[in-house]
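Using the UniProt record's numbering, the letters of the sequence shown map in sequence onto residues 1 to 996.
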Amino acid sequence: MVIIGNKEYTPIGAELIPSDILGFPNVYRYDFRDLPISFEFFYYKIQNVVTITYRNFTGINEINQTLPGYREMFISCDCLDGSNFKMSYINKNTSLFQLDKSYLNLINDSPNLNKLYSLTLGLNNLPNMSNYYFNSMIFYFGPNFDVNSFGLNYKTIRSEVKEFKSSDPEMYFPIEALADQEVSLVGGYTIRFDLKFSRPQDNKLLNISNQNIRFITFSNPGKFFNIESNSLLQFPLILNYNCKLVVEYGTISQTEPISQFGNPKIISMKHSIISGDLGKYQLSNPNQERIYDFSGNSITGTIDQSWCHAILQIRDNNMTGPIPSCFSCYFNSPLIDSSLGSYITFYGAFEGNNFTNLYPNLPCTTFKPQIERQSNTALIIYGNDIGFNGVLYKINGTISCKTYEPIEYGKKFLFTTNNSISFAHVNYLSINFFYPFDKDYYFPLIFRSPIIDSVYFSNGKSLQVDGSYFSSYLGHVTQTITISNYTFEIFDSSDFFSIQANSTKLIPASLTNKFELLTLTTNSNIKRVYVDLGSRNDKLCKNDCIDNDHGICNLNLGVCICLDDFIGDDCSLPNFFITSVQPSTTNGGEAIFFGSFLELTNNISLTIGGIDCQITLNSIDTIKCIAQPGNGIKTIILKQNDKIFTGVGIYKYIELSIPCPNKCSNNGICNSTTGICKCKNGYTLYDCSALINLDNGLGNSNNNTGGGGTNTTIDPGTGSTNITDSQTNFQIYLKSLIEVDINNNEVKSYSLLKNWIFNKTENEIEPNKYILKQQLVNNTTPNSNGCIITSTIEEIKDKNGKEFTFAGTSFVVSSGSIKFTISIANYTYQSNLNTLKLELISSVDKIDKINNCNSKDTEIDTTNVNDISTFNYIKISKNNKIFSARFINKVLSDGRSTFFTTSARNDSNSIIVSLNLPHCINECLIDPDFSVLLTNDFKSECGDDDSSRKWFLPVVVVVPVVGVAFMIIIMFLIYKRSTTLKIMLHATKLKKFNHK
Numbered sequence: 001m002v003i004i005g006n007k008e009y010t011p012i013g014a015e016l017i018p019s020d021i022l023g024f025p026n027v028y029r030y031d032f033r034d035l036p037i038s039f040e041f042f043y044y045k046i047q048n049v050v051t052i053t054y055r056n057f058t059g060i061n062e063i064n065q066t067l068p069g070y071r072e073m074f075i076s077c078d079c080l081d082g083s084n085f086k087m088s089y090i091n092k093n094t095s096l097f098q099l100d101k102s103y104l105n106l107i108n109d110s111p112n113l114n115k116l117y118s119l120t121l122g123l124n125n126l127p128n129m130s131n132y133y134f135n136s137m138i139f140y141f142g143p144n145f146d147v148n149s150f151g152l153n154y155k156t157i158r159s160e161v162k163e164f165k166s167s168d169p170e171m172y173f174p175i176e177a178l179a180d181q182e183v184s185l186v187g188g189y190t191i192r193f194d195l196k197f198s199r200p201q202d203n204k205l206l207n208i209s210n211q212n213i214r215f216i217t218f219s220n221p222g223k224f225f226n227i228e229s230n231s232l233l234q235f236p237l238i239l240n241y242n243c244k245l246v247v248e249y250g251t252i253s254q255t256e257p258i259s260q261f262g263n264p265k266i267i268s269m270k271h272s273i274i275s276g277d278l279g280k281y282q283l284s285n286p287n288q289e290r291i292y293d294f295s296g297n298s299i300t301g302t303i304d305q306s307w308c309h310a311i312l313q314i315r316d317n318n319m320t321g322p323i324p325s326c327f328s329c330y331f332n333s334p335l336i337d338s339s340l341g342s343y344i345t346f347y348g349a350f351e352g353n354n355f356t357n358l359y360p361n362l363p364c365t366t367f368k369p370q371i372e373r374q375s376n377t378a379l380i381i382y383g384n385d386i387g388f389n390g391v392l393y394k395i396n397g398t399i400s401c402k403t404y405e406p407i408e409y410g411k412k413f414l415f416t417t418n419n420s421i422s423f424a425h426v427n428y429l430s431i432n433f434f435y436p437f438d439k440d441y442y443f444p445l446i447f448r449s450p451i452i453d454s455v456y457f458s459n460g461k462s463l464q465v466d467g468s469y470f471s472s473y474l475g476h477v478t479q480t481i482t483i484s485n486y487t488f489e490i491f492d493s494s495d496f497f498s499i500q501a502n503s504t505k506l507i508p509a510s511l512t513n514k515f516e517l518l519t520l521t522t523n524s525n526i527k528r529v530y531v532d533l534g535s536r537n538d539k540l541c542k543n544d545c546i547d548n549d550h551g552i553c554n555l556n557l558g559v560c561i562c563l564d565d566f567i568g569d570d571c572s573l574p575n576f577f578i579t580s581v582q583p584s585t586t587n588g589g590e591a592i593f594f595g596s597f598l599e600l601t602n603n604i605s606l607t608i609g610g611i612d613c614q615i616t617l618n619s620i621d622t623i624k625c626i627a628q629p630g631n632g633i634k635t636i637i638l639k640q641n642d643k644i645f646t647g648v649g650i651y652k653y654i655e656l657s658i659p660c661p662n663k664c665s666n667n668g669i670c671n672s673t674t675g676i677c678k679c680k681n682g683y684t685l686y687d688c689s690a691l692i693n694l695d696n697g698l699g700n701s702n703n704n705t706g707g708g709g710t711n712t713t714i715d716p717g718t719g720s721t722n723i724t725d726s727q728t729n730f731q732i733y734l735k736s737l738i739e740v741d742i743n744n745n746e747v748k749s750y751s752l753l754k755n756w757i758f759n760k761t762e763n764e765i766e767p768n769k770y771i772l773k774q775q776l777v778n779n780t781t782p783n784s785n786g787c788i789i790t791s792t793i794e795e796i797k798d799k800n801g802k803e804f805t806f807a808g809t810s811f812v813v814s815s816g817s818i819k820f821t822i823s824i825a826n827y828t829y830q831s832n833l834n835t836l837k838l839e840l841i842s843s844v845d846k847i848d849k850i851n852n853c854n855s856k857d858t859e860i861d862t863t864n865v866n867d868i869s870t871f872n873y874i875k876i877s878k879n880n881k882i883f884s885a886r887f888i889n890k891v892l893s894d895g896r897s898t899f900f901t902t903s904a905r906n907d908s909n910s911i912i913v914s915l916n917l918p919h920c921i922n923e924c925l926i927d928p929d930f931s932v933l934l935t936n937d938f939k940s941e942c943g944d945d946d947s948s949r950k951w952f953l954p955v956v957v958v959v960p961v962v963g964v965a966f967m968i969i970i971m972f973l974i975y976k977r978s979t980t981l982k983i984m985l986h987a988t989k990l991k992k993f994n995h996k
């Protein structure tokens with residue numbers, strides 16, 4: 001209730017007393033104006049009233065006791081001027097107390113005023129106020145104010161908002177008092193000064209950056225509110241970054257250097273005496289938001305482009321030239337006024353000057369935003385002229401910004417959303433920036449080349465390309481299109497899904513009837529497709545050929561043309577494999593792996609039998625690591641980025657001690673390093689269990705009584721080698737070549753029993769070698785003749801045998817033995833994870849049915865087929881004759897020694913030996929030799945004693961080293977390395993010959 005007195009009708013001596021208002025019990029607020037107030041009424045607590053106001057009253061000249069306990073009390077009267085006022089006069093139940101128009105002599109007698117949150121007083125002095133904490137405090141200083149008390153006790157004031165005003169325009173306050181603030185509130189505080197300040201002592205900057213000031217205002221701070229530097233007047237304080245600084249009617253003479261204003265987030269120097277050029281904006285902390293308001297000054301010159309790292313308000317100055325596009329693009333965008341808290345537009349921030357491009361609807365052609373995914377809930381938005389505030393952004397039409405933090409203010413920002421929104425599996429999205437254009441722009445969140453779905457060519461020059469991941473707008477990215485040697489100019493790339501372009505030259509008709517390579521370059525991403533300009537090209541390839549990284553799609557046929565190192569109908573299978581291994585010993589140590597690996601040398605791991613092998617070196621063809629101690633055969637798993645190669649059983653620790661077969665039958669000495677027996681004189685065979693034939697096994701070819709005569713023949717049709725006498729036929733031939741996957745499952749099988757071509761019968765340089773060849777059916781690639789298998793057969797005629805070395809192992813193949821070399825060239829795999837298995841058969845048949853003293857059933861021994869020894873051995877015995885095979889467990893893959901396994905299975909008269917070859921690239925070499933010999937029980941003539949025995953020539957099979965060769969395939973001008981394997985099998989081609 002407002003009660004206003006009237007002096008004309010107020011009786012002399014009348015005054016307001018408590019009984020005058022007893023008739024209004026339901027009034028909660030009173031406002032008494034221009035009334036005489038009795039002492040009794042002034043200190044009386046009116047029932048139910050919470051707020052009371054006394055304005056311009058009479059009857060009270062001082063306050064000398066505690067006031068009534070109103071929650072809010074306002075006293076506005078000059079009648080109390082110069083009186084003493086104790087803080088204890090404020091009732092402890094009062095929350096808001098205001099006394100103005102009178103300047104009091106304040107005495108702090110330290111009462112408990114915990115409920116008081118807002119205090120406004122007119123003062124002649126400032127006592128120590130350290131025992132209070134206010135939300136808001138306003139002090140009006142009178143003309144007789146004690147300035148020294150301000151210097152002493154300003155630091156004791158604790159209030160979230162504090163305001164100081166002086167009624168004397170010539171009163172100057174010591175600016176050093178601002179540096180003595182003892183208490184820095186956690187939440188920060190606001191200070192408003194309507195005081196004039198003296199210049200800092202010694203003309204030095206005053207650092208108050210340690211104070212947690214949110215907002216500080218200086219209104220008309222006086223002619224000394226500065227420091228002098230080279231005849232220029234600069235800002236005298238150093239403030240913290242989070243501070244908002246407003247100075248009105250200050251005395252700063254120029255903007256340069258901009259660093260003079262320190263770190264405040266918002267700096268307003270309106271209506272000061274600033275003149276001269278604006279200068280350049282010196283970027284100190286690019287991730288900090290900056291707002292500068294120099295409105296109402298006399299600044300001249302132009303706005304440098306460097307100011308695009310800050311928001312600039314500079315209306316009502318004398319500036320000229322163009323406004324930078326970072327501002328002009330947002331002329332219609334709202335901008336909060338730095339001092340008033342109201343909204344203007346960017347256009348309004350530049351009014352009152354002589355700018356050449358200050359037009360309300362100025363077109364913006366330089367807006368170029370780009371997007372990156374920073375996390376599942378955050379995006380990085382960057383680019384040219386992207387503005388200063390993302391509050392209005394909408395992602396996919398509905399998702400709003402939660403926070404918008406600068407990384408480089410005006411250039412790059414971190415945009416975050418609520419945790420319920422995830423960009424984890426989003427490949428692209430749309431953003432409406434609202435300003436400068438209210439439209440959707442599409443951006444990729446993954447780094448990839450564009451997807452081309454269709455290409456249509458018309459009128460000899462016009463090209464339309466449809467797909468996705470194109471430019472969001474013309475100029476969003478640098479894009480070029482070429483077909484053959486012709487360049488197309490893109491004239492419309494207005495969305496994410498289409499490109500319109502014209503050829504800079506007329507395309508000749510000769511290019512419209514064949515496949516041509518179209519190359520679309522988007523920044524550093526290149527997309528290539530084959531097209532026929534004479535027809536529609538819209539047949540998509542499987543998986544887009546893995547996005548051009550692995551192959552190129554022929555959009556006319558819908559077929560992928562794979563690049564180097566990849567195969568498959570979608571080019572998804574990597575040429576990523578190990579071809580050979582140099583293992584460590586069982587004690588561990590360095591292991592070396594050779595093959596084809598990715599160019600990147602990071603994100604790579606290798607395990608041996610599930611145990612990490614610490615990599616010390618890796619390149620595109622070699623990996624070295626430190627193997628842990630172990631033994632036996634292990635599986636290798638190699639991972640690099642998203643590629644995995646599994647080599648099942650390709651790693652074999654080098655045993656420090658290898659046992660010899662059958663302990664050399666006590667007829668020889670075991671070399672524990674190699675596991676090879678050195679037989680005593682008179683003994684032979686891998687386990688020294690047979691006697692040497694003293695006449696070298698050269699018997700009479702006409703001796704059919706079971707003696708030493710044998711015939712060795714080659715069947716050009718089947719490729720088999722036969723060693724026969726009158727009673728027994730031993731046969732060696734290649735059965736099949738099988739491609740298997742990493743689980744040893746058959747993928748494809750080729751029979752090798754037929755289709756051999758006898759290439760030559762004699763060789764002048766090497767007359768004991770014979771060659772057979774065959775080509776695998778249905779294993780060809782473009783520009784390749786397919787897989788060729790070559791079997792070379794050699795007879796060893798040197799009297800003392802012939803020494804060979806494979807994979808670091810030396811051995812002698814005895815005279816009369818047969819030696820094979822097998823080559824499998826240009827094999828095309830179904831997968832780079834697959835390997836080959838070569839199967840050989842050794843069998844025995846009885847020729848006649850005449851029983852004699854040597855007649856004996858077939859016995860097969862595979863007990864010495866293992867992967868621990870250097871060699872694997874098989875043995876077939878029949879009619880007291882032995883057919884023995886020896887296989888070295890290493891191959892030469894691409895010229896390097898590596899381990900491979902051998903397995904054997906048998907039936908009643910034969911053994912099938914499987915050679916599990918590595919994934920060779922250039923060449924696999926296998927080098928066996930065979931021998932036939934007689935058992936100790938063989939009788940050269942039935943009825944004779946043992947001393948007359950003759951012995952067959954031993955046949956030993958040695959399967960050594962494998963290697964492989966590349967074929968290069970050229971298709972559609974793209975070089976593609978076929979995934980082929982070339983295995984050479986030195987199989988001794990034997991002509992028919994007799995031993996005498």
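For each residue, glycine too, the CB sits at the ideal point set by N, CA and C.
Quick check on residue i: does DSSP put it in helix, strand or coil?
| i | result |
| --- | --- |
| V958 | For V958, the predicted model reports a pLDDT of 36, less than 50, meaning its position is unreliable; a value from the coordinates is still stated below. Three-state DSSP puts V958 in coil, outside helix and strand. |
| I841 | strand |
| G708 | Because G708 sits at a pLDDT of 46, beneath the cut-off of 50, its placement in the model cannot be relied upon, and the point is left open. |
| M971 | With a pLDDT of 23 at M971, under the threshold of 50, the modelled position of that residue is not reliable, and no figure is offered here. |
| L511 | helix |
| E289 | coil |
| M269 | strand |
| E762 | Per-residue confidence for E762 stands at a pLDDT of 49, beneath the threshold of 50, marking its modelled position as unreliable; no derived number is given. |
| I490 | strand |
| E746 | strand |
| C613 | coil |
| P334 | strand |
| L900 | Note on residue identity: the sequence assigns Phe, not Leu, to residue 900. Coil, per DSSP. |
Based on the DSSP output, what are the partners of residue i in its beta bridges?
| i | result |
| --- | --- |
| T790 | K773, S823 |
| M319 | DSSP, once it has assigned bridges, lists no residue as partnering M319. |
| L379 | R373, F415 |
| F730 | I723, V844 |
Could you tell me the boundaries of the alpha helix (DSSP H) in which residue i lies?
| i | result |
| --- | --- |
| C326 | 325-328 |
| N135 | Not the alpha helix (DSSP H): N135 falls in the beta strand (DSSP E), residues 134-141. |
| L152 | 147-153 |
| residue 997 | This structure cannot settle anything about residue 997, because the visible part of the chain is limited to 1 through 996. |
Please state whether the Cβ-Cβ distance between residue i and residue j is less than 8 Å.
| i | j | result |
| --- | --- | --- |
| P369 | F433 | yes |
| residue 997 | F488 | Any property of residue 997 remains undetermined from this structure, which presents the chain solely from 1 to 996. |
| L737 | L752 | yes |
| S472 | F515 | no |
| T66 | Y30 | no |
Which residue comes first and which comes last in the beta strand (DSSP E) that contains residue i?
| i | result |
| --- | --- |
| D453 | 451-458 |
| D180 | That residue, D180, is in no beta strand (DSSP E); it is neither H nor E in DSSP. |
| D100 | 96-107 |
| T607 | 604-608 |
| M73 | 72-76 |
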